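Numbered per mature numbering (1 follows the signal peptide of the UniProt record, and there is no 0), the sequence shown spans residues -22 to -1, 1 to 520.
Just so it is clear, CB atoms sit at the ideal spot from N, CA and C, and this is done for glycine as well.
Keep in mind that this is a model prediction, so the values were computed, not measured.
Okay, structure first, notes after.
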Amino acid sequence: MIASLSLLGVLAILVAIYRKYSKVSLDDVPGPQPESFLLGNMRELLQSGASEADFRWQRQFGGVVKFKGPLGENRLMISDPKALQYLTHSSVYHYTKSNGFRKAIGRILNGMGLVAAEGDVHRRQRKVMLPAFGGPESKALFPVFKSISEDLVSRWQELIDSSEMGSTVVNAPRWLSRATLDAIGEAAFDYKFGALSEEDSELKRAYNNIVLTLFGLPSTPRIVIEAISEWLPTKPLVWLFQKLPFRRFARLREASRASVRTAARLVEEKGQALLEGKGNKDVMSLLVKANASENYKARLTDEELYAEMRIILFAGHETTSNSLTWMLWELAKNPKIQTRLRDEIRATEAAIRARGATEFSLADIESMHYLQAFLKEGLRFHPAANNMFRVAIQDDVVPLSKPLHLKSGKVVGELAIPEGTSIVLSVAAYNRDKGLWGEDADVFNPERWLDGEGKHKKDISVGVVGNLMTFSSGVRSCIGWRFAMTEMQTFLVDLVNNFEIAIAYPEKTVRREGSGLVFPVVTGEEAEGVQLPLRVSVAARE
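What follows is the structure, encoded as structure tokens:
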């Protein structure tokens, strides 16, 4: 095992030396001073809090920043709108997902599905999957989301009722992760995980705190190892990670095995139901049906179907619960915003009753302007995935929306990027770009969306919702974004309508951490894992 690690390390160093001295230099691009030749700027990027380096570098250097990887390697961080549009639309398949740690982890956890696929394989898989994630299909799942959100409300109400204080403290990400796991189970697979009802399940155990285990709080040795791993082929890393005895990789393998077993069982059940003419409207049933109707050569294999299911399961509940967690945090910090949102919800509720109905419809929810503004601002301010990692597979020239002032004094409107360059597409920095969102871009302000979105779009369209990069963009954008939007709106309406949400412990510091997904931790309580304690009480009615 040690010999294998040593061999991989030597290979990585040789690759780094080759890249440094055989390619067009990016040395003239401005950027921060590296800490050292060995570490470059990697500790600043990954250990200073989620996206803090992104924001700092963007303010100082603009939308294109050169920073140093390990062993003096030049890397780029890009948040320039025109460059992002080019990288995610026009030239998307010329920039593959980076090799190394993240790619190997993703392949073990989720298989060779849509997230891992490139080029023609990605096109084929996306074509089969798209029909299951259309607008009508996503909206049809509203009753499922409503049922789960009402279940969550009941659970919190029970905790409040059993408390002598008339309120209770909840760890928001823990509860929301369980709720969204139940939601993804029923909506995507017509399967009841029973996460909210405390039922024990293999998947629930496997995914508990998996985000922190895989993505969180990187140590300095881990930063070096992960950064150097990007120079290595993915297959040897997958093999190695399948063998390493460390807890992190054991958890990864446990989650992978659990999800594969569940996926295989569900795919078999959906296929049999389709043969018997009993197909349902859940995502997996629609996907199996769409796959059966495709040309034989275009169909997904069973292994690909398993992978798509695993991706939907992981991404579909962790990212949504993450976004909802941060939105509740903003409501707790901003009581005026919370009150205004609740007032709009209850005014809509009164209108529903006045017309003789008793329940919110999805149309009612989508008609609430302040809710939509709050939702978009939450997605802007707290993207679940703050960065995307890519590598150029050929030399390219990338257009820029603003002139780039090089260190030599030269001003350019486009940037030559050599093959092999590692690039960070900074979702977080783009979403805080003052040129797009105004001088108050670093302030959580739903009002910015009530004046019309046109001023935020400028001349360059990037994201699928509100011109945000939160769901990515282009053919690699999140295929389930409509699904997620419907789910988040539904949860927000029920939670805000029923509960007052406040900061539980003002004396404690909640930090944004993560090098893949952004999650909350409490300073001094990192061993407790992902947590954001909120105090909830029944919202008074007049």
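Query, Result
"Backbone CA spacing between Glu392 and Val42 [nearest angstrom]", "10 Å"
"Cβ-based burial, Asp321 [other Cβ within 10 Å; buried from 16]", "exposed"
"Check whether Tyr284 and Val238 have beta carbons under 9 Å apart", "yes"
"Other residues of its chain near Ser451: CB distance less than 6 Å, five sequence neighbours each side excluded", "Thr66, Val440 and Gly441"
"Residue ranges of each beta strand (DSSP E) within the segment 337 to 371, 3 or longer", "365 to 370"
"Contact set for Glu298: own chain, Cβ-Cβ below 7 Å, skip 5 residues either direction", "Correcting the residue identity first, residue 298 is Thr in this sequence and not Glu. For Thr298, where only same-chain residues beyond five positions count, the Cβ hits under 7 Å are Thr158, Ala462, Glu465 and Met466."
"Where Arg519 falls, given that 16 or more other Cβ within 10 Å makes a residue buried", "exposed"
"C-beta contact flag for His360 and Ser301 at 9 Å", "yes"
"Distance between Leu130 and Phe79 (C-alpha atoms, nearest Å)", "36 Å"
"Run of the alpha helix (DSSP H) containing His295, from where it starts to where it stops", "Asp280 to Lys311"
"Range of the contiguous beta strand (DSSP E) that encloses Phe45", "Val42 to Lys46"
"Contacting residues, own chain, Cβ-Cβ under 7 Å from Ala236 (five flanking each side not counted)", "Glu180, Leu181 and Ala184"
"Cβ-Cβ distance between residue 524 and Phe33 below 9 Å", "Since the displayed the chain opens at -22 and closes at 520, residue 524 lies outside it and no answer follows."
"Straight-line gap, Phe292 to Lys388 (C-alpha atoms, nearest Å)", "46 Å"
"Three-way DSSP call (helix, strand, coil) for Phe262 in this model", "It should be pointed out that residue 262 corresponds to Met in this sequence rather than to Phe. Note: Met262 maps to helix in three-state DSSP."
"Cross-strand partners of Leu244 (DSSP beta bridge)", "Answer is none; Leu244 lacks a bridge partner."
"Buried versus exposed, by CB contacts within 10 Å (16 or more), Glu142", "exposed"
"Within 9 Å, strictly: CB atoms of Leu49 and Val402", "no"
"8 Å contact criterion, which Ala28 and Glu491 should meet: CB distance rounded", "6 Å"
"Separation of Leu154 from Arg513, as counted between CA atoms", "14 Å"
"Where the beta strand (DSSP E) through Ile83 begins and ends", "It is not in any beta strand (DSSP E) - Ile83 instead sits in the alpha helix (DSSP H) that spans Phe79 to Asn88."
"Three or more C-beta pairs below 8 Å linking the segment 243 to 261 and the segment 210 to 218", "no"
"Rounded separation between Thr303 and Leu473 - CA only", "12 Å"
"Asp98 in three-state terms, based on DSSP", "helix"
"Completely contained beta strand (DSSP E) runs for the segment 387 to 448, where each covers 3 or more residues", "389 to 395 and 400 to 404"
"Distance between beta carbons of Ser345 and Val369, contact taken as under 8 Å", "Not confirmed; about 44 Å, so no contact."
"Run of the beta strand (DSSP E) containing Ala480, from where it starts to where it stops", "Phe477 to Ile481"
"Every unbroken beta strand (DSSP E) inside the segment 136 to 188 [3 residues or more]", "145 to 149"
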